[in-house]
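Numbering that gives the first Met the number 0 puts the sequence shown at residues 0 to 167.
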Amino acid sequence: MIVIRSEIPEDYAAVYQVNALAFARKNEAALVNRLRAVHPHISLVAIEDDQIVGHIFFSPVSIESEDAKFMALGLAPMAVLPEHQNQGIGSQLVRRGLKECEEQNHNVVFVLGHPNYYPRFGFTPAKAKGIVCEYPVPDEIFMVVELKPEALSGRTGLVKYRPEFAGV
Ligand SMILES: CC(C)(COP(=O)(O)OP(=O)(O)OC[C@H]1O[C@@H](n2cnc3c(N)ncnc32)[C@H](O)[C@@H]1OP(=O)(O)O)[C@@H](O)C(=O)NCCC(=O)NCCS
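Put into structure tokens, the structure is as follows:
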């Protein structure tokens, strides 16, 4: 059985390992260490047989236009240990993570990710809503989900991630 719960400090070393192994490099693991100092954030772990096998993180992003700035959350990074992938653990983390976002009154969440994966959780291309990413990425991989109807309510502009993401 998979248990999903909020991360606690005793999890930090295991969460580092999950990210380092899933991405086969240390960039995302180190990013998580930097992002913990940023608030608000949401960090959840997936546990199977007392072992942390997955992790998901949400940190603040801003949607900026000439005359307005609106805060939302960005889903990143997310990781599942290689030998535990394709068993639905990532999906459980996304669903539970979005629920947690909503419960904490964050009703707009962005993701940079695979266009075949994230639409199953309600994400759609942000470009269609007049929102683009600060990074030069293909339009179809930058997606957004509104957790309440009209959560974006016409807000458009450029999404900026936290400076901690620079160089990852
Ligand atoms: C992406 C990841 C978290 C998914 O976790 P998971 O537990 O394997 O996910 P699930 O079992 O819920 O879903 C598996 C689905 O995701 C797809 N998938 C997994 N990794 C993918 C990737 N990098 N690109 C596209 N699709 C991917 C699988 O093909 C499968 O699709 P299907 O359901 O249509 O068959 C995991 O594969 C992982 O840690 N990958 C390495 C790190 C990474 O790329 N993180 C995401 C970017 S922040």
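Glycine is no exception: its CB is placed at the ideal position from the N, C-alpha and C atoms.
Residue i Cβ short of 6 Å to ligand 1 heavy atom set
| i | result |
| --- | --- |
| V31 | no |
| M77 | yes |
| N85 | yes |
| Y160 | no |
| V150 | A quick correction: the sequence has Ala, not Val, at residue 150. No, since every heavy atom of ligand 1 falls outside the 6 Å radius drawn around the Cβ of A150. |
| I88 | yes |
| F122 | no |
| H38 | no |
| A23 | no |
| H54 | no |
| Y116 | yes |
| H113 | yes |
Residue i to residue j span [Cα, whole Å]
| i | j | result |
| --- | --- | --- |
| P118 | P59 | 21 Å |
| E9 | R154 | 39 Å |
| A12 | N18 | 10 Å |
| A144 | R35 | The sequence shown places Val at residue 144, rather than the Ala named in the question. Between V144 and R35, the C-alpha separation is close to 23 Å. |
| R24 | P148 | 38 Å |
| H113 | D66 | 31 Å |
| V31 | L111 | 16 Å |
Opening and closing residue of the alpha helix (DSSP H) in which residue i lies
| i | result |
| --- | --- |
| Q91 | I88 to E102 |
| E33 | Contrary to the premise, residue 33 reads as Arg rather than Glu in this sequence. Unbroken alpha helix (DSSP H) run through R33: N26 to L34. |
Opening and closing residue of the beta strand (DSSP E) in which residue i lies
| i | result |
| --- | --- |
| E9 | Per DSSP, E9 belongs to no beta strand (DSSP E) and is neither H nor E. |
| A78 | K68 to V79 |
| R119 | Per DSSP, R119 belongs to no beta strand (DSSP E) and is neither H nor E. |
| A45 | I41 to E47 |
| S58 | Q50 to E63 |
| S5 | I1 to S5 |
| V167 | Neither: V167 is in no beta strand (DSSP E) and is coded neither H nor E. |
| V37 | No beta strand (DSSP E) holds V37; DSSP gives it neither H nor E. |
| V143 | F141 to E145 |
Close beta carbons around residue i, own chain, < 6 Å, minus the five adjacent residues each side
| i | result |
| --- | --- |
| P46 | In the sequence as displayed, the identity of residue 46 is Ile instead of Pro. Correct list, in chain order: V2. |
| A28 | Y15, N18 and A19 |
| A78 | V17, N18, A21 and H54 |
| H105 | L72 |
Cut-off 8 Å between Cβ atoms - residues of its own chain near residue i, not counting five sequence neighbours on either side
| i | result |
| --- | --- |
| E133 | L157, V158, K159 and Y160 |
| S90 | R119 and F120 |
| H83 | E47, V52 and G53 |
Cβ-Cβ separation, residue j to residue i (assumed contact under 8 Å), whole Å
| i | j | result |
| --- | --- | --- |
| S61 | M70 | 6 Å |
| F141 | V108 | The Cβ separation is near 12 Å, so there is no contact. |
| I41 | Q103 | 7 Å |
| L80 | C100 | With a Cβ gap of about 24 Å, L80 and C100 do not count as contacting. |
| E163 | V44 | Actually they are not in contact, since the Cβ atoms of E163 and V44 sit about 20 Å apart, beyond 8 Å. |
Close Cβ partners of residue i (< 7 Å) along its chain, the five nearest in sequence each way excluded
| i | result |
| --- | --- |
| D138 | P124 and K126 |
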